[in-house]
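Position 429 of the sequence shown, counted from 1, bears residue number 429 in UniProt numbering, the numbering being contiguous throughout. All residues carry an ideal CB built from backbone N, CA and C; glycine is no exception. Just so you know, these numbers come straight off a predicted model, no measurement behind them. Since the structure comes first, as structure tokens, the remarks are kept for the end.
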Amino acid sequence: MSFCPFGSEVFVQIYTFYGRTWNHIRPLPEICDDHLSDESLSFIKSCLQECIKNHKYCRQSEGSLPTRLLDVGHRDDGVVRLIETETITSARFIALSYCWGSAVTIKTTLAGLGKMKLGLEVSELPQAYIDAVHLTRRLGIRYLWIDALCIIQDCHEDWEKESARMSEIYAKAHLTISAASSASATQAFLRRNTRAESNTDNHSRRVFTERVGDGEDSALVRARVISEFGVHWKWQSSSDKRYPREPLLRRGWTLQEQLLSTRLLSISNIEMQWTCQEAVFCECRSRLNHRREFGHKSIVHITDPGDAFRLWRKVVENYSKRVLTNPKDKLPAISGIAKIVQQKSNSSYAAGLWTNNIDLDLLWRRATRVNELPPTEFIAPSFSWASINGEVDYYCFRNGKQPYRKSSSVVGIETKASLNAPLGRVESGRLTIRGPLISGFIEKATSDGWLVVRLSNIQLELIADTVLQESKVATSDGSLQMTACRWRPHNLAQKSSAGIKETPDQPHANITKNILSPGTQCWALRLGYFVSVLKPESPQYRDHELLILGKRPTNPEAFERLGLVSYYDDGEGQLYKQGYVTTITVL
């Protein structure tokens, strides 16, 4: 049930003390207030033992270790050391998933690598690292993997190589510890003999305690806050705008750490939760609303390429809501998941899209209004969701709008990535596609991204992918044409892969961001259609998916994506009768 004890909505669990029942209220144990107590360690160890003994899909084969690990030594050691693993054939290690925060002061660099190998006082570490060291020792494990310490942060080659191995690192870890409630490495994530105050801002658990009934029939009934993430149901109807509360759920890198771990222990201010490839458990012992974040199957159970692609779309929707400190990490931070999907689908990868599923992968759209400028550096080509800042979704796949019939055909798609990390950062990308194209114009544009596009006698509304601007481009007859395009800083606008250089006196140099003049030209490419959900029994009623395009200012022969919009008709196809089928390039 939901409850608003402190002005914001929370979800609570009603229970009685273990061993006592009152009508239909289930007896449940109290949640321990000390994560290093024997009681808490018993919960963790019992989950581990059950998994190791009985879970077929959680069995880990021998494989290469991460290049470096932190040797945490024994319980009373005051020093930890960074070691190279080339001489170690096999070892159990724990991985830490956490939020870096604004400043990670202790990290491994080329200059400090030797010092890290000599040893570092535990007391000098950030508090989240100290907690991870203590818990690793209490679980009887000698080695710990923390990205900031085990990857050389100022060596691009080492960073690229190790980040490309993330899927292996988290899959091979004996256990991944997730510091769910810590917003930075400086914040502790383990409770130590303290009870949370009654305040939702610090995620208190206790809401109320009441005695119900009289005499021998009475029982003490309590309500405590239940987690809205992980193994409990994610209440999509929550009106609390601060959702998600847990800092870890807002960080981009931690999504693949969560999804790829063979065994994951999430530790929040509310409770501990266990998730592995075959089971889920929670410290509150409730069996209600247990679920997996991305469907009923874990990623290792997927065998069908279609299921792999559906998982990927869910991953993209979740991931696009998260935050990255470095925008250039957009593709590297999910490259581990991409590696698994590639293995399951046997498909080539192109900047967040799959060539074997490209017709459907192009159907992403922005889910929220535009409230920030796009990255100032190249992240991905415009046809990729990774090219924008902000939440995206595959809205067209909801409400059972299947099957999809394509109207355009992808002739080719190519991206240029590093040889060391083929699923990571890209330098460029090109989509060649053939289909029905018509021209139109922007009728209205607002500062938060809403566009009204006029195509023939049809008026369509959509949210632009990102901030737009207008620019004059040369046509084949030498005249200038005002076209809509994505906003870019002036220094990027002057660069061109085609060797064309814009001069400072062109309109691109001093554009007013977010403003497009009425009449600015755009184009619409019909990608395909679904049978309309309004009349599913009548296949002639269709929802067409239209890709809205503008000309590339630095390469007028090419287009760039501005947005995606759905257009409903009765099957007559009047809108495109004046169009023509052509082959275009989208950069």
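- prompt: What separation, rounded to the nearest whole angstrom, lies between the Cα atoms of K328 and I584?
  reply: 28 Å
- request: Report the option in N389, E278 and L547 whose CA atom is closest to the CA atom of V323.
  value: N389
- request: Quick one: grab the DSSP three-state call for K314.
  value: In the structure shown, K314 sits in a helix (DSSP, three-state: H, G or I).
message: Any contact between the region 168 to 182 and the region 353 to 361? By contact I mean 3 or more CB pairs, one from each, below 8 Å.
response: no
field: Straight-line gap, R561 to R81 (C-alpha atoms, nearest Å)
entry: 50 Å
task: Check whether the Cβ of P332 lies closer than 8 Å to any heavy atom of the ligand GDP, and answer yes or no.
output: Looking for the ligand GDP in the displayed structure turns up nothing, as the structure carries no ligands at all.
- prompt: Taking the runs of the beta strand (DSSP E) that are 3 residues or longer, which of them lie wholly in the region 401 to 478?
  reply: 404 to 406, 409 to 417, 426 to 445, 450 to 455, 458 to 463 and 468 to 474
message: DSSP three-state label for P305, please.
response: helix
query: Taking Cβ positions, are A164 and S348 nearer each other than 9 Å?
result: Cβ distance not < 9 Å, so A164 and S348 don't count as in contact.
query: How would you label I548, buried or exposed, when you count the other beta carbons within 10 angstroms and need 16 or more for buried?
result: buried
message: Please identify the residue among P374, D393, P518 and E391 whose C-alpha is closest to the C-alpha of R486.
response: When each option's Cα is compared against that of R486, the closest is P374.
task: Specify, as a first and last residue, the run of the beta strand (DSSP E) that residue 598 falls within.
output: Not covered by the structure: residue 598. The range shown for the chain is 1 to 587.
field: Local conformation of L135 per DSSP, three classes
entry: helix
- request: Classify Y394 as buried or exposed, calling it buried when 16 or more other Cβ atoms lie within 10 Å of its own Cβ.
  value: Burial is judged here by how many other beta carbons sit within 10 angstroms of a residue's own beta carbon; Y394 has at least 16 and is buried.
task: Determine contact between the region 404 to 417 and the region 298 to 318, defined as no fewer than three beta-carbon pairs at a distance below 8 Å.
output: no
task: Excluding the 5 residues preceding and the 5 following V404 in the sequence, name in chain order all residues of the same chain whose CB lies nearer than 6 Å to its CB.
output: Note that residue 404 is Tyr in the sequence shown here, rather than Val. Hits under 6 Å: G528 and F530.
query: Do W364 and L564 have their CB atoms nearer than 9 Å?
result: Result yes, Cβ atoms of W364 and L564 sit closer than 9 Å.
message: So for A188, helix, strand or coil by DSSP?
response: coil
task: Could you please give the first and the last residue of the uninterrupted alpha helix (DSSP H) stretch that includes F43?
output: D38 to N54
Reduced DSSP secondary structure (H/G/I, E/B, other) of N357: helix
task: Note down the Cα distance separating Q127 from Q187, rounded to an integer number of angstroms.
output: Spanning the two alpha carbons is a distance of roughly 6 Å.
query: From this set, I52, V586 and A171, which residue's C-alpha is nearest L96's C-alpha?
result: A171
task: Classify A509 as buried or exposed, calling it buried when 16 or more other Cβ atoms lie within 10 Å of its own Cβ.
output: With a pLDDT of 31 at A509, under the threshold of 50, the modelled position of that residue is not reliable, and no figure is offered here.
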